[in-house]
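Enquirer: Quick one: this structure, given as structure tokens, is what I'll be asking you about.
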Amino acid sequence: MPEAELYAYALRAALEPLAWPLVNQHGIEVIVRRDDRLDQELSGNKFYKLFFNIQAAKAAGATTIASYGGAWSNHLHALAAAGKRHGLKTLGIIRGERPEKLSPTLVDASAQGMTLIFQPRSRYLQEAGQLEDKAAVISALHAQSDSELGKVFLIPEGGANVEGAHGAQVIGYALEQQLHGDYQQVCVPCGTGTTLAGMAAGLPGNKIALGFSVLKGAGNLGANIAATYRALSDRPAPNWRLVSGYHGGGYARKLPDYLRGFWREFELQTGVQLDPVYTLKMFWGIAQLAHQNYWQRGTRLVVVHTGGLQGRRGFKQQIDW
Ligand SMILES: *Cc1c(COP(=O)(O)O)cnc(C)c1O
């Protein structure tokens, strides 16, 4: 049974107590769940989000998996590796014009065999947001691709579908098993919120999943999380919360000085590396909430390290410690 395989995988994640004075001084114990360490290529939450998508693609008899992302997309980076591992072709539809020099993320993806199609922003946004009309999108992909795609299975941008959330649900199951209920809240960064929704559904109802949004404008994020959660859980009182306001300017490639300073200090103090887009902002948010006494003294907090460290390569000049 594939779910048992994913569960066994999730149980292997190390749970490391974090010596982090900034938060420990408020009487809060922090345990980092090292999902970033489990798989070298399909880092962090992406392994979980792709798991049932790949099963579904195989069950549908697809030969190609296609999905969307930007030049630094952790999702496409992982998808390329997953496709190679499972003998499926992959197609990455990239936001923006083809640059003269590919990002290291896209260099890796094409080295894994991913075919890249670049789309102007306007068209990308229209198409990535219109996956309801999958048949039209797929026929357009066939027309655009130089190589023979065969049957195409389409995954939305960021792996944001119920299959993705179903995979993340297993993080919740495994964590409860590993800690025997001895914790109160679980923090995770949010892009699409798929991981938050799935993980919350997998945790017992009295354990709160706290998502830190990295986007400047939340848009439909809350509504999307609610819908995804409802697809997996019929609990009347949802056990997830969304924290926004700690996005540090959103997806920008240049970090504000305060975030860069925090990043440096955090890594030097704890020895845990962070990625610039997600985990950095989550830990920054956690530090702020602890400072505001958001948690009672004695709280045992689990923080999921969702990976994404390949994205550090885009910030080389800014991380010289
Ligand atoms: C993709 C990603 C996320 C966001 O996951 P969602 O399910 O889209 O909210 C968080 N952290 C890292 C490191 C990621 O790569």
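Taken in order, the sequence shown gives residues 34 to 354; the numbers are from our numbering.
Don't be surprised by glycine CBs; every beta carbon is placed ideally from N, CA and C.
None of these values were measured; they are calculated from a predicted model.
1) Between ALA52 and the rest of its own chain, which residues show a CB-CB distance below 7 Å, the 5 nearest in sequence each way excluded?
2) Starting from the C-beta of GLU74, find all residues in its chain whose C-beta is less than 6 Å away, skip the five residues before and the five after it, and write them out in chain order.
3) Tell me which residue opens and which closes the alpha helix (DSSP H) that SER172 is part of.
4) Along the alpha helix (DSSP H) that carries PHE80, what are the first and last residues, could you check?
5) Using CA coordinates, which residue listed in MET147, ASN194, GLN88, GLY282 is at the minimum distance from SER178?
6) Report, in whole angstroms, the separation of the C-beta atoms of ILE188 and ASN86, which I expect to be a contact under 8 Å.
7) Should the region 196 to 205 be regarded as contacting the region 262 to 277, the criterion being three or more beta carbon pairs within less than 8 Å?
8) Using 7 Å as the cut-off, classify the Cβ of THR261 as near or not near the heavy atoms of ligand 1, replying yes or no.
9) Over what stretch of residues does the beta strand (DSSP E) that includes SER143 continue unbroken?
10) Should LEU243 be labelled buried (16 or more other beta-carbon atoms within 10 Å of its own) or exposed?
11) Checking the sheet assignment: what are the DSSP bridge partners for PHE186?
12) Quick check: is any heavy atom of ligand 1 less than 7 Å from the C-beta of CYS220?
13) What residues match up with LYS122 in a beta bridge as DSSP calls it?
14) Which of helix, strand or coil does DSSP assign to GLN218?
15) Starting from THR148, trace the beta strand (DSSP E) both ways and give me its first and last residue.
16) Spatial neighbours of ARG293 within its chain, please: C-beta separation below 7 Å, excluding the five flanking residues on both sides.
17) On the CB-based measure, 16 or more other CB atoms within 10 Å of its CB, does PRO222 come out buried or exposed?
18) Taking the C-alpha atoms as reference points, what is the distance between ALA46 and SER76?
19) Spell out the partners DSSP gives ILE204 in its beta bridges.
20) If you check the beta carbons only, do LEU208 and ARG67 fall under 8 Å apart?
21) Quick check on this structure: which residue in LEU164, GLY183, ALA37, VAL140 has the alpha carbon closest to the alpha carbon of ALA93?
22) Look up ILE258 in the DSSP assignment and say whether it is helix, strand or coil.
23) Taking the CB atoms as reference points, tell me whether ARG345 and PRO309 lie closer together than 8 Å.
24) From GLN343 to ALA111, what does the alpha carbon distance come to, in whole angstroms?
25) At what residues does the alpha helix (DSSP H) containing VAL335 begin and finish?
26) I'd like to confirm something about LEU51: is its beta-carbon nearer than 7 Å to some heavy atom of ligand 1, or not?
27) Thinking just about the alpha-carbon of each residue, which of ARG156, GLU165, TRP328, GLU130 is nearest to the one in LEU149?
28) Grab the span of the beta strand (DSSP E) containing VAL276 for me, first residue to last.
Expert: Reading off the structure:
1) THR303
2) ALA114
3) 167 to 177 is the span of the alpha helix (DSSP H), which, as asked, contains SER172.
4) 78 to 92
5) MET147
6) 5 Å
7) Enough Cβ pairs lie closer than 8 Å, so yes.
8) no
9) Counting along the chain, SER143 falls outside any beta strand (DSSP E), though it belongs to the alpha helix (DSSP H) covering 137 to 144.
10) Note on LEU243: 16 or more other CB atoms within 10 angstroms of its CB, so buried under the neighbour-count rule.
11) ILE98
12) Answer for CYS220: no, Cβ out of range of ligand 1.
13) Paired residues: THR97.
14) strand
15) 148 to 152
16) Short of 7 Å from the beta carbon of ARG293, and not among the five residues preceding or following it, lie these beta carbons of its own chain, in chain order: GLN351.
17) buried
18) 12 Å
19) Looking at the DSSP assignment, ILE204 forms no beta bridge with any residue, so it has no partner.
20) no
21) GLY183
22) helix
23) yes
24) 10 Å
25) Counting along the chain, VAL335 falls outside any alpha helix (DSSP H), though it belongs to the beta strand (DSSP E) covering 333 to 337.
26) no
27) GLU130
28) Annotation for VAL276: the continuous beta strand (DSSP E) segment containing it runs 273 to 276.
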